[in-house]
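Input: a single structure, listed below in structure tokens.
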Amino acid sequence: MVEGSIGDASNLIPLLASDSTSHEIAGLVFNGLIKYDKDIRIVGDLAESWEISGDGLVITFHLRKGVRWHDGRPFTAADVLYTYQVTVDPKTPTAYAGDFLKVKKAEVLDDWTFRATYDKPFAPALMSWSVGILPKHLLAGKEITTSPLGRHPIGTGPYKFKEWVTGQKIVLVSNPDYFEGRPYIDGFILRIIPDTATMFLELRANGIDRMGLTPLQYMRQTENNLFRENFNKYRYLSFAYTYMGYNLKNPLFTDKRVRQAIAHAVNRVEMIDGVLIGLGKPATGPYKPGTWAYNPNVRAYPYDPAKAKALLAEAGWKDVNGDGVIEKEGRPFAFEVITNQGNEVRAKCAEIIQRRLAEVGITVKIRVVEWAAFVKDFINKRKFDATILGWTIPMEPDLYDVWHSSKTGQEELNFISYKNEEVDALIEKGRETFDQSARKRCYDRIQEILAEEQPYLFLYVPDALPIIHARFRGVEVAPLGIGHNFIKWYVPKAEQKLVMKP
50 MVEGSIGDAS NLIPLLASDS TSHEIAGLVF NGLIKYDKDI RIVGDLAESW EISGDGLVIT
110 FHLRKGVRWH DGRPFTAADV LYTYQVTVDP KTPTAYAGDF LKVKKAEVLD DWTFRATYDK
170 PFAPALMSWS VGILPKHLLA GKEITTSPLG RHPIGTGPYK FKEWVTGQKI VLVSNPDYFE
230 GRPYIDGFIL RIIPDTATMF LELRANGIDR MGLTPLQYMR QTENNLFREN FNKYRYLSFA
290 YTYMGYNLKN PLFTDKRVRQ AIAHAVNRVE MIDGVLIGLG KPATGPYKPG TWAYNPNVRA
350 YPYDPAKAKA LLAEAGWKDV NGDGVIEKEG RPFAFEVITN QGNEVRAKCA EIIQRRLAEV
410 GITVKIRVVE WAAFVKDFIN KRKFDATILG WTIPMEPDLY DVWHSSKTGQ EELNFISYKN
470 EEVDALIEKG RETFDQSARK RCYDRIQEIL AEEQPYLFLY VPDALPIIHA RFRGVEVAPL
530 GIGHNFIKWY VPKAEQKLVM KP
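Converting from the sequence shown to the numbering used here requires adding 49 to each position, the first position being numbered 1.
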């Protein structure tokens, strides 16, 4: 299977990656102890079973026997302990240490038994062990940030790494010894194609087998016999949302009335109807509509330019000289919004934001940057005024890594520098109980605060619109999406086109 991707990977050690391409590849190369099944239930992965003590403070994992790393060495509990230790090491530049820092004691009981003990109840504890487990024998005692595994990973997963040509492709081959059985598809190639229009041409020309369609491609450009006969399209509400985030260290955005004004000035219905062609829902916070943590009753910001102007005036921003641009203390209100190259939907949304904010006197410049540079030079270094980006919405609703004020360091995920003591306390309270109704009260209140304070302008939850060549069989849409049974997808022999030898 050849899949198209807008962005290249950054690092194939899952602990060090924060972009979706790196995680997609790492997800095929590595396993966690547990994972979600197609119905979003927790099931074993490298762990065959586990027990949780009555007070919820101790998890004992019983690991699968006979699992081997791709270099042939056996997987044991020592690898799990090493993964824990390197994650919590302060020298490791990872965004994912928070959950493991809650562990009071991690211990190997024998080669096939691993135990984690916590000081106090921690709701995301079990799911935190879904992280990719790393090979101790290849990494222990070495500097993980310079490890060759970042570009040539060795895991236990269904696919083995073969090749990475920067900016062009990443090649994987099936693992014949995989513990769930050899994947039916022998090879997986991720082709880096930096824009969706070119990617679509490659799809038409059979240069790729799979991609995520834009709404325009889904609704209009694939409604013909060529696509009906040769491809299968899918549509479901994605576990993701798109937003415009403000750099809250920029004086332009420190007054919440300004952020509220922008929310009223931007017409999100116009984005969903015009850019998404109706294939999505408005986002009001960091959760997917319809999930248990979602709060449908938060403050709404209907399109209202008059209200926007009034809020801006209240905050001291007025058009003093009649040139159509508001100013304060002699400074015109102008900022730059950056987004990543190749995502035409985000670029069009930036244009809507630019046009609508001009109507209330704010000048917006749009800058589009290649993905790797966008993350490395702008987001990680906090060199932006505002950015249009998206987050995957995890199944576990804990918000610590993105919204807690302790996560504002370089390369951490609270890159807008949001700080709110009540939100911090609610995040901490929400992860320290197993009572779902108590957790929901915390997350409902957090969503109320985020809606009031508007550190992000939440834009939309898009529909996922994957398209896959029709020769691939076994694709099954489920609550988790379509990738859950990828190792069981297959192509009938008579229709096989490409051959890759492991």
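Just so you know, even glycine gets a beta-carbon here, dropped at the ideal spot from N, CA and C.
These numbers come from a predicted model, not from an experiment.
Using DSSP bridges, identify the partner residues of residue i.
i: T436; result: G294, I387
i: N60; result: Bridge partners of N60: none, in fact.
i: E156; result: R164
i: T109; result: E100, R164
i: Y285; result: A513
i: A527; result: G530
i: Y85; result: I91
i: S54; result: I241
i: F302; result: In DSSP, F302 forms no bridge with anything.
i: G329; result: P511
i: Y343; result: None, per the DSSP bridge assignment.
i: K356; result: Partner(s): none; K356 has no beta bridge.
i: F228; result: Answer by DSSP bridge pairing: none, since F228 is not bridged.
Where does residue i sit, in a helix, a strand or coil, going by DSSP?
i: T412; result: strand
i: E100; result: strand
i: H72; result: helix
i: L514; result: coil
i: K114; result: coil
i: L506; result: strand
i: G379; result: coil
i: Y133; result: helix
i: S179; result: coil
i: F171; result: coil
i: G121; result: coil
i: I402; result: helix
i: L552; result: Residue 552 cannot be examined here, being either before or after the span of the chain that is shown, 50 to 551.
i: E544; result: helix
i: F535; result: helix
i: I311; result: helix
i: I219; result: strand
i: V324; result: helix
i: R520; result: coil
i: E363; result: helix
i: V394; result: helix
i: V78; result: helix
i: E492; result: Looking at the sequence itself, residue 492 is Tyr, so the reference to Glu does not match. If DSSP states are grouped into helix, strand and coil, Y492 belongs with the helices.
On a CA-only basis, which of the options is nearest residue i? Give me that one, please.
i: A513; options: I428, V424, M260, I415; result: M260
i: T141; options: D426, A421, D372, L65; result: L65
i: A500; options: Y343, H201, D244; result: Y343
i: T215; options: H201, L106, S67; result: H201
i: V394; options: E319, P504, K191, L112; result: E319
i: A189; options: W213, Q134, A165; result: Q134
i: N346; options: Y233, M444, E497; result: E497
i: D426; options: C398, E445, F464; result: F464
i: F288; options: K432, P338, M549; result: P338
i: Y539; options: P173, P232, I182; result: P232
i: V369; options: E363, L360, P381; result: P381
i: E73; options: G532, L547, P541, E156; result: G532
i: Y352; options: G329, F280, E363, A314; result: A314
i: R164; options: P170, E156, F171; result: E156
i: I411; options: Q390, F384, K397, G115; result: F384
i: I83; options: Y492, S179, V524, V107; result: S179
i: A396; options: V418, Y131, G379; result: V418
i: I55; options: Q217, A312, K542, A362; result: Q217
i: L158; options: G181, F110, Y145, G115; result: F110
i: Q485; options: G147, P123, P173; result: P173
i: T245; options: T132, L262, G236; result: L262
i: V548; options: A126, V220, S98, N60; result: V220
i: T143; options: L462, K542, G294; result: L462
i: V129; options: K185, K489, P300; result: K185
i: Q503; options: E278, D304, K298, Y227; result: D304
i: S196; options: L61, I401, N299, D372; result: L61
Assuming residue i and residue j are in contact, meaning their beta carbons sit under 8 Å apart, how far apart are those beta carbons, in whole angstroms?
i: P331; j: Y509; result: 6 Å
i: I326; j: L252; result: Rounded, the Cβ-Cβ distance is 19 Å, inconsistent with contact.
i: K24; j: D138; result: Missing from the structure shown is residue 24; the chain here goes from 50 to 551 and no further.
i: P528; j: D88; result: 6 Å
i: T166; j: L112; result: Between L112 and T166 the Cβ distance is about 17 Å, and since that is not below 8 Å, they are no contact.
i: A487; j: N296; result: No, A487 and N296 are not in contact; Cβ-Cβ is about 34 Å, not under 8 Å.
i: G439; j: T291; result: 4 Å
i: T205; j: F124; result: 5 Å
i: D258; j: M50; result: 5 Å
i: V526; j: Y285; result: 6 Å
i: D447; j: G479; result: 7 Å
i: A349; j: V307; result: With a Cβ gap of about 18 Å, A349 and V307 do not count as contacting.
Jot down the residue ranges of each uninterrupted beta strand (DSSP E) in the segment 415 to 487, minimum 3 residues, whole runs only, in chain order. 435 to 441
At 3 residues or longer, and completely inside the segment 231 to 292: list those beta strand (DSSP E) runs for me, N to C. 236 to 241, 259 to 261, 280 to 282
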